[in-house]
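Undergrad: Please see the structure below; I have some questions.
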Amino acid sequence: MKRLNSIILMMFFTTISFGQVSNETDKTRIKDLVIESFDEIWSKLDSKNIDKYYTKDFLLLENGEVWNNDSIAHYLDNAILRKPNPKRMNTIEIIEIKIANRMAWIAYQNYATFSTDNKIIRKAHWLESATAILTENGWKLEMLHSTRIKNE
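Under my numbering, the sequence shown is numbered contiguously, ending at residue 209.
If you want it as C-alpha cells, here you go:
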C-alpha cells in the first residue's frame with residue numbers, strides 16, 4: 058500500500074512539474090510572438106507577415122480606431138512607399154502573461170525608436186495588451202489594444 062501511495066504521489070508531482078514547464082514555455086512563446094510580430098510586421102512594414110502572426114479575425118484597437126488585417130495591410134503597403142523610410146527599433150517590456158488552456162493574454166510596455174541615417178527622429182511609447190489563441194499553426198495574436206503614452 059505504501060508503495061502504491063508513493064507511486065501515485067510521484068505521478069502527481071511529475072504531472073504538476075510538466076504543467077509548469079509547459080506554461081513557462083508557452084509564456085516564452087507568447088512573448089516572442091509579440092516581439093516578432095512588431096519586428097516582422099511594423100518595423101519591416103511587411104503586410105505579408107500579417108497571416109503569420111495574426112488570426113484571420115484579428116483586431117487592433119488603437120487611439121479610438123478599430124483596425125483589421127485589411128486596414129493594417131493597406132496602411133503598411135502605403136507606408137513602405139513613403140521615402141525616406143525610418144528604421145524602427147522596438148523594445149517590449151512585459152508586465153504580465155496569463156495562459157488558460159488554448160488562450161492567453163499579455164500586458165506590456167512597447168517602446169519604439171525611429172531613426173534615419175542613424176539619427177533618432179522620433180520616440181514613441183504605448184501601453185498595450187493582447188490576446189492570443191493556440192491554433193494548429195502555433196500561437197497567434199487575436200486582438201491588440203494600444204494606448205499611446207505621451208512623451209515626456
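Each residue gets a CB set at the ideal place from its N, CA and C atoms; glycine is no exception.
Model, not experiment: these values are computed from the prediction.
(1) Apart from the five residues on each side of it in sequence, which residues of its chain come closer than 7 Å, Cβ to Cβ, to Arg159?
(2) Which same chain residues, not among the five before or five after Leu184, have their C-beta less than 7 Å away from its C-beta?
(3) Does the Cβ-Cβ distance between Tyr111 and Leu198 come in under 9 Å?
(4) Compare the beta carbon distance of Trp196 and Asp108 with 9 Å and say whether it is the shorter of the two.
(5) Taking the beta carbon of Gln77 as the centre, do at least 16 other beta carbons fall within 10 Å, making it buried, or is it exposed?
(6) Cβ of His146 within 9 Å of Cβ of Ala169?
(7) Tell me which same chain residues have a C-beta within less than 6 Å of the C-beta of Glu119, skipping the five on either side of it?
(8) How big is the Cα-Cα spacing for Ile163 and Ile156?
(9) Excluding the 5 residues flanking Arg86 on each side, which residues of the same chain have their C-beta closer than 6 Å to its C-beta?
(10) Between which two residues does the beta strand (DSSP E) containing Asn167 stretch?
(11) For Phe171, which residues in the same chain have their Cβ closer than 6 Å to its Cβ, ignoring the five residues on either side in sequence?
(12) Please specify which runs of the beta strand (DSSP E), each continuous and at least 3 residues long, are wholly inside the segment 103-133, giving them in chain order.
(13) Is the Cβ-Cβ distance between Ser104 and Ala130 less than 9 Å?
(14) Figure out for me which residue from Glu122, Thr148, Lys113, Ile151 has the closest Cα to the Cα of Asn194.
(15) By how many angstroms is the C-alpha of Glu150 removed from the C-alpha of Arg186?
(16) What is the DSSP secondary structure of Lys84, counted as helix, strand or coil?
TA: Based on what the coordinates show:
(1) Taking the first residue of the sequence shown as 1, we reach residue 159 at position 102. Cβ neighbours of Arg159 beyond the five flanking positions: Ile190, Leu191.
(2) On the sequence shown, position 127 is the one that residue 184 refers to. Taken in chain order, the residues that qualify are Gln166, Thr204, Ile206.
(3) If you number the sequence shown from 1, residue 111 lands on position 54. If you number the sequence shown from 1, residue 198 lands on position 141. It is a contact, given that the beta carbons lie within the stated cut-off.
(4) Looking up residue 196 in the sequence shown gives position 139. Looking up residue 108 in the sequence shown gives position 51. Not closer than 9 Å, so no.
(5) Numbered from 1 along the sequence shown, position 20 holds the residue referred to as residue 77. Unreliable positioning characterises Gln77 in this predicted model, as indicated by a pLDDT of 47, which lies under 50. The coordinate reading is nonetheless provided below. Under this definition Gln77 is an exposed residue.
(6) Within the sequence shown, numbered from 1, the residue matching residue 146 stands at position 89. Within the sequence shown, numbered from 1, the residue matching residue 169 stands at position 112. Before going further, note that residue 146 is Met rather than His in the sequence given. Contact flag set, yes.
(7) As a first step, residue 119 must be located in the sequence shown, where it is residue number 62. Same-chain partners within the cutoff: Ser203.
(8) Numbered from its first residue, the sequence shown carries residue 163 at position 106. Numbered from its first residue, the sequence shown carries residue 156 at position 99. Between Ile163 and Ile156, the C-alpha separation is close to 9 Å.
(9) Residue 86 sits at position 29 when you count from the first residue of the sequence shown. Within the same chain, Arg86 has close Cβ partners Trp196.
(10) Here residue 167 refers to the residue found at position 110 when the sequence shown is read from its first residue. First-last of the beta strand (DSSP E) with Asn167: 160-173.
(11) The sequence position of residue 171 within the sequence shown is 114, counting from 1. Correct list, in chain order: Pro143, Arg145, Ile178, Arg179.
(12) 111-119, 122-125
(13) Position 47 of the sequence shown, counting from 1, holds the residue named residue 104. Position 73 of the sequence shown, counting from 1, holds the residue named residue 130. Yes; because the gap between Cβ atoms is below 9 Å, this pair is in contact.
(14) Here residue 194 corresponds to residue number 137 of the sequence shown, with the count starting at 1. Closest by alpha carbon: Lys113.
(15) Taking the first residue of the sequence shown as 1, we reach residue 186 at position 129. Taking the first residue of the sequence shown as 1, we reach residue 150 at position 93. In the sequence under discussion, the amino acid at residue 186 is Ser, which differs from the Arg named in the question. Cα-Cα distance, rounded: 12 Å.
(16) Stepping through the sequence shown from its first residue, residue 84 is reached at position 27. Correct three-state label for Lys84: helix.
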